[in-house]
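K.L.:
Per this note's numbering, the sequence shown starts with residue 10, numbered consecutively.
The beta carbon of each residue, even a glycine, is placed where N, CA and C say it ideally should be.
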Amino acid sequence: MRALSGELFKTVRRPSVWVCVIGLMAAAVTIGYAIPWLIETFPPAGSSRGLPPGTTLADFKVALYPANFVRQTLQNWSTLGGVFALIVGVLLQGSEYGWATIKTLYTQREGRIVMLLGKLGALAVVVLVLAVGLFAVDALASGGAAAIDGKSLEYPDFQLIVKGVGAIYLIFGFWALFGFTLATLFRQSAMAIGLGLAYALVIEVIIFTLIGSLGGDWVKEIQQWFPLANTGYLASSFGRVALRGLETGGLAPYRDATHAVSVLLAYVVAFVLICSVLLRRRDVTN
Numbered sequence: 010m011r012a013l014s015g016e017l018f019k020t021v022r023r024p025s026v027w028v029c030v031i032g033l034m035a036a037a038v039t040i041g042y043a044i045p046w047l048i049e050t051f052p053p054a055g056s057s058r059g060l061p062p063g064t065t066l067a068d069f070k071v072a073l074y075p076a077n078f079v080r081q082t083l084q085n086w087s088t089l090g091g092v093f094a095l096i097v098g099v100l101l102q103g104s105e106y107g108w109a110t111i112k113t114l115y116t117q118r119e120g121r122i123v124m125l126l127g128k129l130g131a132l133a134v135v136v137l138v139l140a141v142g143l144f145a146v147d148a149l150a151s152g153g154a155a156a157i158d159g160k161s162l163e164y165p166d167f168q169l170i171v172k173g174v175g176a177i178y179l180i181f182g183f184w185a186l187f188g189f190t191l192a193t194l195f196r197q198s199a200m201a202i203g204l205g206l207a208y209a210l211v212i213e214v215i216i217f218t219l220i221g222s223l224g225g226d227w228v229k230e231i232q233q234w235f236p237l238a239n240t241g242y243l244a245s246s247f248g249r250v251a252l253r254g255l256e257t258g259g260l261a262p263y264r265d266a267t268h269a270v271s272v273l274l275a276y277v278v279a280f281v282l283i284c285s286v287l288l289r290r291r292d293v294t295n
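1) Kindly provide the ranges of any alpha helix (DSSP H) runs that are 4 or more residues long and lie completely inside the segment 44 to 129, ordered along the chain.
2) Examine the Cβ distances between the segment 264 to 277 and the segment 191 to 200 and report whether three or more of them are shorter than 8 Å.
3) Roughly how many angstroms separate the alpha carbons of Phe-18 and Thr-50, rounded to a whole number?
4) Which residue wins for smallest C-alpha separation from Tyr-178, given the options Val-134, Gly-127, Gln-81?
5) Under DSSP, the alpha helix (DSSP H) around Ala-244 begins and ends at which residues?
6) Determine the closest residue to Ala-269 out of Thr-65, Arg-289, Phe-247, Val-281, with distance taken between C-alpha atoms.
7) One question on the structure: do Gly-221 and Val-228 come within less than 8 Å of each other, judged by their Cβ atoms?
8) To the nearest angstrom, how far is the alpha carbon of Tyr-263 from that of Gly-173?
9) Any idea what DSSP makes of Lys-19, helix, strand or coil?
10) Going by DSSP in three states, Tyr-312 sits in which element: helix, strand or coil?
11) Does the Cβ of Glu-105 have 16 or more other Cβ atoms within 10 Å, making it buried, or fewer, making it exposed?
12) Please report how far the alpha carbon of Gly-241 lies from the alpha carbon of Ala-154, in whole angstroms.
13) Within the chosen definition, does the segment 28 to 46 reach the segment 145 to 162 through at least 3 CB pairs nearer than 8 Å?
14) Quick check on the burial criterion: 16 or more other C-beta atoms within 10 angstroms. Buried or exposed for Ile-96?
15) Can you grab the Cα-Cα spacing for the pair Phe-4 / Leu-83, in whole Å?
16) Since I believe Gly-205 is in contact with Phe-187 (beta carbons under 8 Å), could you give me their beta-carbon distance rounded to a whole number of angstroms?
17) Which of the three DSSP states, helix, strand or coil, is assigned to Asp-158?
18) Going by C-alpha distance, which of Pro-165, Ser-245, Leu-223 is nearest Asn-77?
19) Identify which residue in Ala-176, Leu-273, Leu-219, Leu-282 has its Cα closest to the Cα of Ser-245.
20) So, with DSSP's three-state summary, where would you put Met-10?
21) Taking 7 Å as the cut-off, is the beta-carbon of Tyr-242 closer than that to any non-hydrogen atom of the ligand SAH?
22) Pop quiz: Leu-114 and Thr-193 are said to be a contact at Cβ under 8 Å. What is the actual Cβ separation, rounded to whole angstroms?
23) For Glu-230, count the other beta carbons within 10 Å of its own beta carbon; 16 or more makes it buried, fewer makes it exposed. Which is it?
24) Under the assumption that Val-99 contacts Leu-191 (Cβ atoms under 8 Å), give the Cβ distance between them as a whole number of angstroms.
25) My guess is that Lys-160 and Tyr-42 are in contact by the Cβ rule of under 8 Å, so how many angstroms apart are they, rounded?
26) Rounded to whole angstroms, what is the Cα-Cα separation between Glu-16 and Gly-224?
27) My output table needs one value for Asp-265: the three-state DSSP class, helix, strand or coil.
28) Along the chain, where does the alpha helix (DSSP H) that runs through Ser-25 open and close?
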């Protein structure tokens, strides 16, 4: 408990952590709701081309209303929101190397593993703040959009909201631990953030796009064990928004939520074990 309380004491006083938290909340409102609402309310000329007859951009506003905010949150932020969590994970560990405090942290008091668990506990709290905060601002933004348009303010049942928060918490937890592990491996923040962002936004997508061009279900059989695919499976398991013959959210997931949760939890456990082994067996240097 002393290790956890000490890490929380440091974490809540770090401006970079709050920049990530507030940045995600601001992006959720602007990118997720404000900009789409403006475009769909005041569509540019010719914006209905390619849509089914009788369908306009205004019809897509149904995705912004409270009934769909859980699906919308997961579809929008399972990857982009994970980037913020990844950065937090990197900073909580990598900054110790940059500040040259890593020796003091892991060679005094309770020992390396206990201090590591305290740091991971603090990271879990920050990730929970990210997950709950994201759903809170999206719930408010969806309610605002519905109120402005005079639509229903009926939200999904509480159980679905809790499941949604749990899903995004697991997804963000994976990304945060991924960043934490990279920072532990490379003993710095810069390379960890760079490689983490590259993987989140480019590497896995490009690899399976190129391999997928060869055709065959064997590609999906391999892809189902990779993290980015499973964050997508989990987000898509909450359903898609249907409107006039169109569905938002892409194709149906290849695997179900149970598979996605199992794979992501396996990655989480693996990251914790890797960090434990690295910190226990390596010399603690800057």
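P.N.:
Taking the definition as stated:
1) 44 to 50, 78 to 86, 89 to 107, 111 to 116
2) no
3) What you label residue 18 is simply residue 9 of the sequence shown in a count that begins at 1. What you label residue 50 is simply residue 41 of the sequence shown in a count that begins at 1. Straight-line Cα distance between these residues: approximately 45 Å.
4) On the sequence shown, position 169 is the one that residue 178 refers to. Nearest of Val-134, Gly-127, Gln-81 to Tyr-178, Cα basis: Val-134.
5) As a working note, residue 244 is residue 235 in the sequence shown. Its alpha helix (DSSP H) spans residues 236 to 245.
6) In the sequence shown, residue 269 corresponds to position 260, counting from 1. Out of Thr-65, Arg-289, Phe-247, Val-281, Phe-247 has the C-alpha closest to the C-alpha of Ala-269.
7) Here residue 221 refers to the residue found at position 212 when the sequence shown is read from its first residue. Here residue 228 refers to the residue found at position 219 when the sequence shown is read from its first residue. Yes, the pair counts as a contact, with Cβ atoms nearer than the cut-off.
8) Numbered from its first residue, the sequence shown carries residue 263 at position 254. Numbered from its first residue, the sequence shown carries residue 173 at position 164. Spanning the two alpha carbons is a distance of roughly 19 Å.
9) As a first step, residue 19 must be located in the sequence shown, where it is residue number 10. Reduced to three states, the DSSP call for Lys-19 is helix.
10) It is not possible to answer for residue 312, since the shown part of the chain is limited to 10 through 295.
11) Along the sequence shown, one-based indexing puts residue 105 at 96. Buried is the call here.
12) By one-based count along the sequence shown, residue 241 stands at place 232. By one-based count along the sequence shown, residue 154 stands at place 145. Those two C-alpha atoms are separated by around 26 Å.
13) yes
14) Start at 1 with the first residue of the sequence shown, and residue 96 comes out as number 87. Ile-96 comes out buried.
15) The structure shown does not extend to residue 4, since the chain spans only 10 to 295, so no value can be given for it.
16) Residue mapping note: residue 187 aligns to position 178 of the sequence shown, counting from 1. Residue mapping note: residue 205 aligns to position 196 of the sequence shown, counting from 1. About 6 Å separates the two Cβ atoms, so the contact holds.
17) As a working mapping, residue 158 is identified with position 149 in the sequence shown. Looking at Asp-158 - three-state DSSP - the assignment turns out to be helix.
18) Mapped onto the sequence shown, residue 77 falls at position 68. Of the candidates Pro-165, Ser-245, Leu-223, the one whose C-alpha sits nearest the C-alpha of Asn-77 is Pro-165.
19) Locating residue 245 in the sequence shown gives position 236, counting from the first residue. The shortest C-alpha separation from Ser-245 is found at Ala-176.
20) On the sequence shown, residue 10 is found 1 positions in, with the first residue counted as 1. Met-10 falls in the coil class under three-state DSSP.
21) Ligands in the displayed structure: none, and consequently the ligand SAH is not present.
22) As a working note, residue 114 is residue 105 in the sequence shown. As a working note, residue 193 is residue 184 in the sequence shown. 12 Å between Cβ atoms; not a contact.
23) For the purposes of this step, residue 230 is taken as residue 221 along the sequence shown, with counting starting at 1. Label assigned to Glu-230: exposed.
24) Stepping through the sequence shown from its first residue, residue 99 is reached at position 90. Stepping through the sequence shown from its first residue, residue 191 is reached at position 182. Contact flag correct, Cβ pair sits at about 6 Å.
25) Position 151 of the sequence shown, counted from the first residue, corresponds to residue 160. Position 33 of the sequence shown, counted from the first residue, corresponds to residue 42. Not really, about 14 Å apart at Cβ, beyond 8 Å.
26) Within the sequence shown, the letter at position 7 stands for residue 16. Within the sequence shown, the letter at position 215 stands for residue 224. The alpha-carbon atoms of Glu-16 and Gly-224 are separated by roughly 49 Å.
27) The residue you call residue 265 lines up with position 256 of the sequence shown. Note: Asp-265 maps to coil in three-state DSSP.
28) The count along the sequence shown starts at 1 and reaches residue 25 at position 16. 24 to 38 is the extent of the alpha helix (DSSP H) around Ser-25.
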